[in-house]
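**Student:** Just dropping this structure here.
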Amino acid sequence: MKPEIAAPQERSPDVIQRRGELSWRLHLLELRMIGWWAQHGITLLRLSLGIVFLWFGVQKFFPGLSVAQELATHTISVLSFGRIHPSVSLPLLASWESLIGLGLLSGRFLRLTIVLLLAQMAGTFLPLVFFPHETFKFFPLVPTLEGQYIIKNLVLVSASLVVGATSRGGRLIHDASAAATAEKAQGLQQRFRRRFHRDPEAPRKQG
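Quick note on full-length UniProt numbering: the sequence shown kicks off at 1 and runs consecutively.
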């Protein structure tokens with residue numbers, strides 16, 4: 001005899017309805033979370049960057065506190081052919097980083113702040129080239145603690161690009177269809193600027 005196969009039990013309409021309501025509530029919760037991230041994520045990213053730069057910058061005003069000060073001052077000395085002494089380069093670097101931190105925290109002069117940040121970040125990677133014996137245990141795959149300190153700056157650079165991309169008032173759009181529409185509109189505006197050399201909203205000059 002063939003074994004009897006039990007027929008699948010049918011779910012009651014109440015169970016299906018409850019599961020549907022739960023699924024919808026979870027969907028709405030996810031949308032609220034993503035919406036909050038899109039609305040506040042850039043601001044939180046900017047503030048966290050500002051805290052990091054101000055925190056690390058202030059430390060450099062006090063010789064011996066920053067773990068990166070020797071590499072930083074040595075790099076500046078190499079770049080300046082020994083003309084800039086650590087007693088000058090360290091306060092200069094501290095002021096630079098603190099200024100970047102204040103600019104990010106305040107949100108003022110943001111584009112200039114991002115330029116200063118990227119310039120400073122470019123300098124932080126030079127020790128990987130100038131001093132590989134100090135920044136790597138086994139070049140180029142196993143960095144020392146100092147090398148890890150430098151390589152993690154890739155995250156700061158990427159974060160600054162995201163903040164800089166919205167420095168003219170742009171926003172994140174979490175809805176896919178709305179983002180696609182906005183992307184098309186942005187493309188039209190860019191083509192308009194390239195062709196007419198002005199913003200679409202700008203009035204034409206009379207004369």
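Beta carbons: idealized from backbone N, C-alpha and C, even for Gly. Fair warning: this is a prediction, and the values are worked out from it, not measured in the lab.
Please confirm if L26 has its CB atom under 7 Å from at least one CB of chain D.
**Tutor:** As a matter of chain content, chain D is missing from the structure shown, which is built from one protein chain.
**Student:** Thinking S167 and I114 are a contact (beta carbons under 8 Å), I'd like their distance in whole angstroms, please.
**Tutor:** About 7 Å separates the two Cβ atoms, so the contact holds.
**Student:** Identify whether F81 lies in helix, strand or coil by the three-state DSSP scheme.
**Tutor:** In the structure shown, F81 sits in coil (DSSP, three-state: anything other than H, G, I, E or B).
**Student:** According to DSSP, is K152 part of a helix, a strand, or is it coil?
**Tutor:** Of the three classes helix, strand and coil, the one that applies to K152 here is coil, per DSSP.
**Student:** Check each candidate in H74, W55 and R108 and name the one with the smallest Cα separation from A94.
**Tutor:** The shortest Cα separation from A94 among H74, W55 and R108 belongs to W55.
**Student:** My guess is that L118 and V157 are in contact by the Cβ rule of under 8 Å, so how many angstroms apart are they, rounded?
**Tutor:** Confirmed, Cβ separation roughly 7 Å.
**Student:** Hey, how far is the Cα of E70 from the Cα of H85?
**Tutor:** Roughly 12 Å between the two C-alpha positions.
**Student:** Is the CB-CB distance between residue 253 and G57 below 7 Å?
**Tutor:** Because the chain in this structure spans residues 1 to 207, residue 253 falls outside the shown range and cannot be described.
**Student:** Report the rounded CA-to-CA distance for R18 versus L26, giving the unit in angstroms.
**Tutor:** C-alpha separation (whole angstroms): 12 Å.
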